[in-house]
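Chains as they are written, first to last, in this note's numbering: chain A, 140 to 401; chain B, 140 to 401; chain C, 851 to 1172; chain D, 2 to 342; chain E, 2 to 342. Everything on this sheet refers to the single structure shown next.
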Ligand SMILES: Nc1ncnc2c1ncn2[C@@H]1O[C@H](COP(=O)(O)OP(=O)(O)OP(=O)(O)O)[C@@H](O)[C@H]1O
Ligand SMILES: Nc1ncnc2c1ncn2[C@@H]1O[C@H](COP(=O)(O)OP(=O)(O)OP(=O)(O)O)[C@@H](O)[C@H]1O
Ligand SMILES: [Mg+2]
Ligand SMILES: [Mg+2]
């Protein structure tokens, strides 16, 4: 299973005089877990915001299953089946967990209440949210009706992850999904990622946690100064090498199998 | 150097029916690095918010150098020399890096311009900010005048850390300061923490990064279900034991030297 | 005030060939002033003059009219007609205009002591109030009045003059117990209705109502009708707008006192043009102003009060037609 | 993420904890209910006036106040939905008034025309809502200026469209003034029923449908809303159009109150409705509030008016008291909120 | 963290990049300057009217418009500072008017009393600012309601204090109407100088002092401000008191415009100033904006008035045009902002 699902060529994104992405390439293959790593400010989030339609690039093209696509808003990307966990979690602070988890995909009541009055099945959404949070190892949650801005950092992040996991159809992108998570909770998310990719849906994982990356990633996209410096396989390189490439201490390996150096 | 600098007894904090802190104790000794670890939602942030005056506890007392203190606002705590990095970084999104870094402690111009017109020395503040960001290993920062909400996650976190480090006099509290940081940048912060404690200022480090904790911590405060489950020394325990205690898989060690079990 | 300095020296370079006349009304969208403007507009074009119109923001607000007058002087008008929002405060500005050799006339409302103007065409609002009061008194036919007063808003001269005039006409002093209650309506229909409803709740025996203008009266009528008191209560008003007169015709309002904005406008424009042509100024009677008069309108004339019927009223009313 | 809430000068109202004991939860529900503040303010006012004036609490007076609430109450609903998205509408009164004028003019003549005229009125108001909605959502201009501009424009347009007061004959247009008696005594008009139903329906739509949650989400954090895939523009548009429809409803209600309308009618509707909304506990920063609260807010103001009139206080002093009491009402609200945490 | 900005319906205006090339930076500075929008709107309006009317751009007219700007311009400064903290002031006109009345009454009689009277006026206005400041900062009530209440109260108080119009004699109180000529031709009054100085001073205080940054921080995210150790309450208080002082200044300016004052003066000052502030590019959600922009906003409105009057358009049509142009002005602003990114 090696066909490319999501691809980006030569993406450029500038903010005023700040160049966040400087001609970056990207490709993601069916069913794989692709880790994206890089220094702070390397341009990882900016790149995936382009892929998820949150940011419109100044140059470059995005291809979904070989077809060029123009996402004008996250809405477009979602319709195309791309689900994203943003680094600064996109949440409505005053609304509760269930509402945020199902925002944009609310569950309606069965029967006329739902179809005619378009009434929501709050019970259902709450119990499902509760289940998903438990699955992700959040044991400390005392009330499923808390507004998300009253959640602990990790709990809030888990809500965002659960949302993406629940609704991704073609691609799931996670921007540092375990940053605020504890040991057990992180493991929960990593397992989730494996489960998702096992179902054939590829996952893009942005992370600074190199050991975790080596644990789950099939390939590692090393991002540096707004570009893709290299793509490597965990089994071909040691963590130190990878970190070296990432920080620029080591040169990017060229001509290596499926590595694209820029 | 074993005298206690900051101490808390039996802190309780409820939000409606959610009990965030359930009778937690805490003590911090001069010049030490005290790590606070615990599951997501264990109550770590709530506890330190009490210590930093951001939250007023429903019960319990806080003692600074033996003297009971009532912080009614972070302002009070800061006057007492306690500097905090909050988990959801406290920043004015539209203001630039330098402004945020020096917010509340702006630098005035030399001479009458400063003393009479109370004019700010913007140049000075900018160059100092730039220096501090560099020191913390943020190499990707392209413009020091960016509003912080345009910074990358890691860059923003670094601003917050730099602020606390620069102004802490008695105690520095950091709530997951490396969560969004890359490998190199995290190292920068850990070194900073060591430097600070070396100057005799104790540091409280909340973190989910157990290896890092074992690297820098003199003692580890293990928080569980709103309480302090145990305080251990890294050299007495393995990481797995500590994680075991934290998650409740292992019982909290009792009667052990300076461990307070609740 | 200098007459000979004449229009030649008027400020800001004269605008075009035809004479430029400025009209500053109290507010822009009040029908009374809309019809005054259109009357002035008609007359001006008839006399081959150019009318520049502007308005203040609200009754009582001087600053907006000062600005308007300044802008007109800047645009080089030869004459300014103004309906003062603040009879006293506007005077210095008008004097300044006269200094520049501009002909100034007040319409509808006198300036204090008729200062700062070359002539005034106005209604005696007190007199208007008196006539309404007198009619209500007659209509009560000896019954002691239980009076509800729907006022304009505190501290606006027109409102106070009509209010006091009415009480004089009715023959009860302010603050006496015959007055069941007062409310401010800002001359607004909905507020008039709410006020009337609340007053009726306060005192069910109300048998006479003073209203500052016809919208307030129509609001009051609705309240009375809903309370089933439309016929048992005497409702008087002031203005002479066409809907007001129609309301009298329909028996909703017992009587109203008509004023004549278009008369004022026409006369004012004529005088302004005359002055621009040959510096002539109208002769002002001892009273200090030319009274364009008020006219009691009712279909049930009472107590020998000089009244005209609504047919006449509808021919001479303002607002609707213009 | 917390700043919008903080900006609104209020902490995130915590929410009942379903994991708590049943009783506790009920108590919570009660204390955390956002309507508690305005409700208690209203009750306090009513009690106060019933003590200090005769027949304030008479059935007549009560039903009267309800009747007085129909127009501003309905307008306030539209205002609330817009404010919930972080917007504001200064043109609501102007839109309604133009609506009444269009309807009255078209219907003048014979009653058969009234219903078509009314329908056209709804179209006009909805269209005007659509216009501000388009400018706000597409060009992203501040609603304050957009609606202020619309206000100035419409005031003149109405005046140019018709010079003077217009009357409508009895018929479908005035049917809302009719009604029946509850318990033989308590008069209730169709208008009152309609406004209560409107409140209920809107409350349902905002709290029990996806659309409602999206409205709150957009007001809460529209970037987040956009990122969760909500079509923010569409939501905004729907809100302004809905508001327009509600203003048309208010126009109909206005005929129920009085068959006469004029271009100068309801000059202070915008301020009155915003006041009601804020007294009702809705944040002007969007994202938090209830339509029920807004309606209670409208009632509070009317109760003060009626009560102070009956107390026979001079209008000048009435204003002073009103000012104080309005502030007090909101203070009460913020106190109950504090209690809730 | 981004939602308050997003709510304000505008993205965080990126800021010049000092690391860029010199030229580039200058260009940036220019394009990212928040005043660019209102400024170009103003210039466009002036150019437009100079083309379509005779003697609009005459020196007389220009200096006249500057004179007309002094009162609303000064009030708008106070309004801006309050709005920057996320507040709003509906009572500014009322405070100023009460100020003028107090001063005029006390000074009536002989000119020697004028200066003491003026000082007392400053105290009164500052005290009123203090009151709303205390209620807003201590009780945390929404500024909209607090100042609305204050407005209703003060309007009545003024009317109880004096029924009719009061005049002041020439003297220190009216000195702002005096002035000299630039280049022999261009008349400039002390009032105009004073308002320009006020703008400059306030601009300095907001952009170059710690206090100014704290004002922005509080408006931006008051929780964060609190956590960085800023005394949010004190900042809020200082802002409302400062606003009060500015309103007193406006009262003095008012005497420079006209020696007469009355309880009914400046009824729409609050709306006028908010309009100026918003046209000036300040966000009603706080945290972003400039006083310079607000003053330009005030000028824009006056230019429209003056120009349209001189064009000899009937007031009703004037309103329509004004409405359209005001929206256009703000649209221009948001376009230049977009350009800037
Ligand atoms: N809206 C913006 N305006 C200006 N500069 C921006 C904006 N967004 C991002 N940047 C800049 O672009 C660069 C890349 O940012 P980005 O968030 O993509 O980095 P990142 O790789 O995700 O870093 P991190 O690992 O810390 O999240 C940074 O230097 C950042 O300051
Ligand atoms: N304002 C609040 N309202 C209601 N519940 C709250 C509030 N703040 C915190 N809580 C709850 O208190 C508990 C402790 O939260 P806290 O943020 O202290 O956890 P934490 O140990 O910091 O977790 P993390 O490691 O994820 O940051 C959580 O269950 C959280 O949901
Ligand atoms: Mg990132
Ligand atoms: Mg935490």
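All C-beta atoms, glycine included, are put in the ideal place defined by N, C-alpha and C.
Check	Outcome
Bridge-paired residues (DSSP) for residue 235 of chain B	B:286
Nearest to residue 1161 of chain C (by Cα), restricted to the options C:1154, C:1148 and C:1153	C:1148
Of the residues D:269, D:87, D:332 and D:62, the one placed nearest residue 216 of chain D, counting alpha carbons only	D:87
Residue 1107 of chain C to residue 259 of chain D span [Cα, whole Å]	23 Å
Expected contact under 8 Å - CB spacing of residue 283 of chain A and residue 324 of chain A to nearest Å	Contact doesn't hold; Cβ gap of about 17 Å is too wide.
Min CB distance residue 23 of chain D to chain E below 8 Å	Low local confidence applies: a pLDDT of 45 at residue 23 of chain D is under 50, so the model's placement there is unreliable, with the coordinate-based value given in what follows. Cβ-Cβ to chain E under 8 Å: no for residue 23 of chain D.
Interface flag, residue 313 of chain E vs chain C, CB-CB below 8 Å	yes
Expected contact under 8 Å - CB spacing of residue 1021 of chain C and residue 987 of chain C to nearest Å	6 Å
Alpha-carbon to alpha-carbon, residue 35 of chain D and residue 338 of chain D	8 Å
Distance, residue 242 of chain D Cα to residue 1 of chain D Cα	In the structure as shown, chain D starts at 2 and stops at 342, and residue 1 of chain D therefore has no counterpart that could be examined.
Contact shell at 6 Å, judged by CB to any heavy atom of ligand 6, ordered along the chain	Questions concerning ligand 6 fall outside what the structure shown contains, since the ligands it does hold are ligand 1, ligand 2, ligand 3 and ligand 4.
Residue 62 of chain E at chain B interface by Cβ criterion, 8 Å	no
Any non-hydrogen atom of ligand 2 within 7 Å of residue 181 of chain B CB	yes
Buried/exposed call for residue 853 of chain C, threshold 16 Cβ in 10 Å	Confidence in residue 853 of chain C is poor, its pLDDT being 36 and thus under 50, which makes the residue's placement unreliable; the coordinate value appears in the next sentence. Residue 853 of chain C comes out exposed.
Check: residue 177 of chain A C-beta below 7 Å from any heavy atom of ligand 1	yes
Under 8 Å from the C-beta of residue 38 of chain D: neighbouring residues of chain A	In chain order: nothing, as chain A lies at least about 17 Å away.
Coarse secondary structure for residue 112 of chain D, derived from DSSP in three states	helix
Pairwise C-alpha distance: residue 176 of chain A and residue 368 of chain A	10 Å
Whether residue 281 of chain A touches residue 151 of chain B by CB criterion (8 Å)	no
Nearest residue (CA-CA) to residue 297 of chain E, options E:111, E:281, E:287 and E:311	E:281
Interface flag, residue 276 of chain B vs chain E, CB-CB below 8 Å	no
Contact with chain E by residue 225 of chain B, beta-carbon distance below 8 Å	yes
Three CB pairs or more closer than 8 Å across the stretch 1026-1046 of chain C and the stretch 1054-1073 of chain C	yes
Contact list for the stretch 260-280 of chain E against chain B, Cβ threshold 7 Å	none
Residue 296 of chain A Cβ short of 7 Å to ligand 1 heavy atom set	no
Pairwise C-alpha distance: residue 33 of chain D and residue 17 of chain D	Any reading at residue 17 of chain D must be qualified, since the residue scores a pLDDT of 31, below 50, and its modelled position is unreliable; the value itself is stated next. About 7 Å.
Alpha-carbon to alpha-carbon, residue 934 of chain C and residue 892 of chain C	22 Å
Residue closest to residue 296 of chain A, alpha-carbon to alpha-carbon, out of A:305, A:215 and A:320	A:320
Against chain A: residues of the stretch 330-354 of chain B by CB proximity under 8 Å	347 and 349
Backbone CA spacing between residue 98 of chain E and residue 154 of chain B [nearest angstrom]	46 Å
C-alpha gap between residue 60 of chain D and residue 877 of chain C, whole angstroms	41 Å
Within-8 Å CB hit, residue 256 of chain A to chain B	no
Distance CB(residue 901 of chain C)-CB(residue 932 of chain C) smaller than 8 Å	no
Residue 216 of chain A, DSSP secondary structure in three states	helix
Residue interval of the alpha helix (DSSP H) (run including residue 323 of chain A)	322-337
Any chain D beta carbon closer than 8 Å to residue 320 of chain A	no
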